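Peer 1: In our numbering, each residue carries its 1-based index in the sequence shown increased by 6. We put the CB at the ideal spot given by N, CA and C, even for glycine. The structure presented is a predicted model; accordingly, all values stated were derived computationally and were not measured. Dumping the structure here so I can ask a few things about it.
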Amino acid sequence: MEYFPSGNIVDFIKKLKNSNIKHINEEIIVKILFQLLILLKSIDIYNYMTSKTIYFDEHFNVKLLNFSILHNLKKFDIKMCDIGSILIQLCTLNTSKLRDEYIVNNNYYSTQFIDLIEVMLNDTNNIKINADKLLCHPVFLMNTFKLDCGMSVNGCIEILDYRRKLENLRKKEAILKAKEKKLEDVEHALISREKKINLYEKEIKSKLVQAELYLRRCKNSKSLVDKYDIDNSAEYEEIECSDIVETSKKINVDKLEKSCFTRTFSERRVKFKGHSPLKEMDFHRGKSIRKSKLFKDQYTESNKFISGEIGSEKLRDISNTHKPACITKEGYKKKPSLFNEKKFKLRMKTDKTWVVYQSRGQMRIKSRHLIS
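What follows is the structure, encoded as structure tokens:
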């Protein structure tokens, strides 16, 4: 039979109380739990598991007292809550029966470890069902590679250490990427601000140039106006008493110069090429008015005849085409239309017949001998 110099869990807790130690380190408790889970997963238990049946060797490795009576070969199912109660005894250093409240000091143990104990206390299933899930908990993954658990797990420890480093690197990489994005946003904002500032500077420069040009033009125009006023003032004559003298006598009109100004577009005279649209135009085919081919004597004679005799003589219409439009009344001269040509035949005492043509408001007279 193997000798256990450190005794079981109850003896271990009593030694710690006598030495005035208030708590056990979390790493030691995790080491004990890790060894218990591997043992319970790999072997069958033929006796109750309590804090009195779990022993330690010289290096504080777990040794399980697992034997039974010769005739009693019944297997015992160990529940998850039984292991949780053993963990509570190690955390509180109290071996008495715990009924209602389980108090674990937060100052000595991490929140992940306390959550693991709560899960184990609330689980009443067989420990072999969820042993693998418990071994994958972060509490074991972060602490088991630091301790020598009495097993050849160097390869697993290296893998776990490598995974932990990878996770830390990925977290750092994500933080760096977030910072890079923030820096890029700041750079884009600065570039856009610089562009806006450059545009504002260009606009300000252009406005300054325009203002300078405007001021120069204003100065030049003022100087020209002043010169013009001086020239005009020199031409005026000085009179002593301006109140008595009339205003028309104060100024010598001959010496005044004409004001040089240009007419506006509305005041200019418009010249049309050809016909003016403001005048009436006769669109008849015979546009040109031909002068009579009479001599001067005949022309004067005909005028006298028309003015003296046309009112007293009775006119007879000799036109066959325009009868209604001819003059038939005695002593009445009707003004013909512009587009009709009327012919009047006058018989005089002489042997001549005067034919009067009215065309376009003008009267023409032709003479011919009377045919008997």
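1) Kindly indicate which residue of 58, 62 and 111 has the alpha-carbon position closest to the one of residue 92.
2) Among the residues of its own chain, which have a CB less than 8 Å from the CB of residue 130, if the five just before and after it don't count?
3) Cutting at 7 Å between CB atoms, please list the residues of its own chain near residue 61, excluding the five before and the five after it.
4) Counting along the chain, where does the beta strand (DSSP E) carrying residue 46 start and finish?
5) Work out the CA separation of residue 90 and residue 110 for me, nearest whole Å.
6) When the Cα of residue 134 is compared with those of 43, 169, 96 and 35, which residue comes out closest?
7) Excluding sequence positions up to five away, which residues of its chain have a Cβ less than 8 Å from the Cβ of residue 45?
8) Short of 8 Å in beta carbon distance, which residues of its chain neighbour residue 207, apart from the five on each side in sequence? Order them along the chain.
9) Determine the closest residue to residue 50 out of 99, 23 and 132, with distance taken between C-alpha atoms.
10) Mark residue 192 as exposed unless 16 or more other C-beta atoms lie within 10 angstroms of its C-beta, in which case mark it buried.
11) Given a cut-off of 7 Å on the beta-carbon distance, is the pair residue 145 and residue 36 in contact?
12) Among 34, 38 and 19, whose alpha-carbon lies nearest the alpha-carbon of residue 95?
13) Counting only the same chain and skipping the five closest in sequence on each side, list residues whose C-beta sits under 8 Å from that of residue 22.
14) Looking only at its chain, what residues have a beta carbon closer than 8 Å to the beta carbon of residue 148, apart from the 5 residues adjacent to it on each side?
15) Give the DSSP-derived three-state secondary structure of residue 29 in the structure shown.
16) Reducing DSSP to helix, strand and coil, say where residue 85 ends up.
17) In the DSSP assignment, the beta strand (DSSP E) including residue 110 goes from what residue to what residue?
18) Please report the distance separating the alpha-carbon of residue 186 from that of residue 176.
19) Closer than 7 Å by C-beta to residue 119: which residues in its own chain qualify, once you throw out the five before and the five after it? Chain order, please.
20) For residue 115 and residue 97, which I take to be in contact (beta-carbon distance under 8 Å), what is that distance rounded to the nearest angstrom?
21) Beta-carbon within less than 7 Å of residue 209's beta-carbon, same chain only, minus the 5 sequence neighbours each way: which residues are those?
22) Could you pull out every residue in the same chain whose Cβ sits closer than 7 Å to the Cβ of residue 101, ignoring the five residues on either side in sequence?
23) Please report the distance separating the alpha-carbon of residue 138 from that of residue 123.
24) How far does the beta strand (DSSP E) with residue 60 in it reach, from first residue to last?
25) Roughly how many angstroms lie between the CA atoms of residue 24 and residue 121, to the nearest whole one?
26) For the beta strand (DSSP E) containing residue 69, name the first residue and the last one.
27) Apart from the five residues on each side of it in sequence, which residues of its chain come closer than 6 Å, Cβ to Cβ, to residue 127?
28) Would you list the one or two residues that DSSP bridges to residue 132?
29) Give me the Cα-Cα distance between residue 112 and residue 172, rounded to the nearest whole angstrom.
30) Can you name the residues that DSSP bridges to residue 226?
31) Exposed or buried, what is residue 40 when buried is set at 16 or more other beta-carbons lying within 10 Å of its beta-carbon?
32) Suppose you measure from the CA of residue 27 to the CA of residue 178; what does that come to, to the nearest Å?
Peer 2: Here's the rundown:
1) Against the sequence shown, residue 92 aligns to sequence position 86. Its Cα nearest to that of residue 92, the residue 58 stands out among 58, 62 and 111.
2) Translated into the one-based positions of the sequence shown, residue 130 becomes position 124. Cβ-Cβ distances below 8 Å link residue 130 to 85, 86 and 87 in the same chain, with the five nearest sequence neighbours on each side left out; the list follows chain order.
3) Here residue 61 is taken as the residue at index 55 of the sequence shown, counted from 1. 10, 13, 14, 69 and 71, listed in sequence order.
4) Position 40 of the sequence shown, counted from the start, is the residue given in the question as residue 46. Counting along the chain, residue 46 falls outside any beta strand (DSSP E), though it belongs to the alpha helix (DSSP H) covering 32-48.
5) Within the sequence shown, the letter at position 104 stands for residue 110. Within the sequence shown, the letter at position 84 stands for residue 90. Straight-line Cα distance between these residues: approximately 12 Å.
6) Translated into positions along the sequence shown, residue 134 becomes position 128. For the residues 43, 169, 96 and 35, the minimum Cα distance to residue 134 belongs to 43.
7) Residue mapping note: residue 45 aligns to position 39 of the sequence shown, counting from 1. Leaving aside the five residues that flank residue 45 on each side, the residues in its chain whose CB is nearer than 8 Å to its CB run, in chain order, 68 and 70.
8) Along the sequence shown, read from residue 1 onward, the residue named residue 207 stands at position 201. If we look at residue 207 and ignore the five residues flanking it on each side, it has no Cβ neighbours.
9) Locating residue 50 in the sequence shown gives position 44, where the first residue counts as 1. With distances taken between Cα atoms, residue 50 lies closest to 132.
10) Locating residue 192 in the sequence shown gives position 186, where the first residue counts as 1. Exposed is the call here.
11) Working through the sequence shown from its first residue, we reach residue 145 at position 139. Working through the sequence shown from its first residue, we reach residue 36 at position 30. Judged by their CB atoms, residue 145 and residue 36 are nearer to each other than the 7 Å cut-off.
12) Counted from its first residue, the sequence shown places residue 95 at position 89. Comparing Cα positions, the closest option is 19.
13) Here residue 22 refers to the residue found at position 16 when the sequence shown is read from its first residue. Answer for residue 22: 30 and 99, listed in chain order.
14) Indexing the sequence shown from 1 puts residue 148 at position 142. Cβ within range, chain order: 170.
15) Reading the sequence shown from its first residue, position 23 is the one you call residue 29. The three-state secondary structure of residue 29, taken from DSSP, is coil.
16) For this step, residue 85 is matched to residue 79 along the sequence shown. In this structure, residue 85 counts as strand in the three-state DSSP scheme.
17) As a working mapping, residue 110 is identified with position 104 in the sequence shown. Bounds of any beta strand (DSSP E) do not take in residue 110, whose DSSP letter is neither H nor E.
18) Locating residue 186 in the sequence shown gives position 180, where the first residue counts as 1. Locating residue 176 in the sequence shown gives position 170, where the first residue counts as 1. Cα to Cα, residue 186 sits roughly 15 Å from residue 176.
19) For the purposes of this step, residue 119 is identified with residue 113 of the sequence shown, where counting begins at 1. Once the five neighbours on either side are set aside, the close Cβ partners of residue 119 are 32 and 145.
20) Position 109 of the sequence shown, counted from the start, is the residue given in the question as residue 115. Position 91 of the sequence shown, counted from the start, is the residue given in the question as residue 97. 7 Å between Cβ atoms; contact.
21) Reading the sequence shown from its first residue, position 203 is the one you call residue 209. Spatial neighbours of residue 209 in its own chain (CB-CB distance under 7 Å, excluding positions within 5 residues in sequence) are not present.
22) Residue 101 sits at position 95 when you count from the first residue of the sequence shown. 16, 19, 57 and 95, listed in sequence order.
23) Counting from one through the sequence shown, the residue named residue 138 turns up at place 132. Counting from one through the sequence shown, the residue named residue 123 turns up at place 117. Residue 138 and residue 123 have their C-alpha atoms spaced approximately 16 Å apart.
24) The count along the sequence shown starts at 1 and reaches residue 60 at position 54. Unbroken beta strand (DSSP E) run through residue 60: 60-62.
25) As a position in the sequence shown, residue 24 is number 18, starting the count at 1. As a position in the sequence shown, residue 121 is number 115, starting the count at 1. Rounded to whole angstroms, the gap between the alpha carbons of residue 24 and residue 121 is 30 Å.
26) Within the sequence shown, residue 69 is the residue found at index 63, counting from 1. Per DSSP, the unbroken beta strand (DSSP E) holding residue 69 starts and ends at 68-70.
27) As a position in the sequence shown, residue 127 is number 121, starting the count at 1. If we look at residue 127 and ignore the five residues flanking it on each side, its Cβ neighbours are 87 and 90.
28) What you label residue 132 is simply residue 126 of the sequence shown in a count that begins at 1. Under the DSSP definition of a beta bridge, residue 132 partners with 85.
29) Taking the sequence shown and counting its residues from 1, one reaches residue 112 at position 106. Taking the sequence shown and counting its residues from 1, one reaches residue 172 at position 166. Each residue's alpha carbon lies about 29 Å from the other.
30) For the purposes of this step, residue 226 is taken as the residue at position 220 of the sequence shown. Within the DSSP secondary-structure output, residue 226 pairs in no beta bridge.
31) Within the sequence shown, numbered from 1, the residue matching residue 40 stands at position 34. Taking every protein chain shown into account, the CB of residue 40 has 16 or more other CB atoms within 10 angstroms, so this residue is buried.
32) Sequence index remark: in the sequence shown, residue 27 carries index 21 (1-based). Sequence index remark: in the sequence shown, residue 178 carries index 172 (1-based). Answer to the nearest angstrom: the Cα atoms are 39 Å apart.
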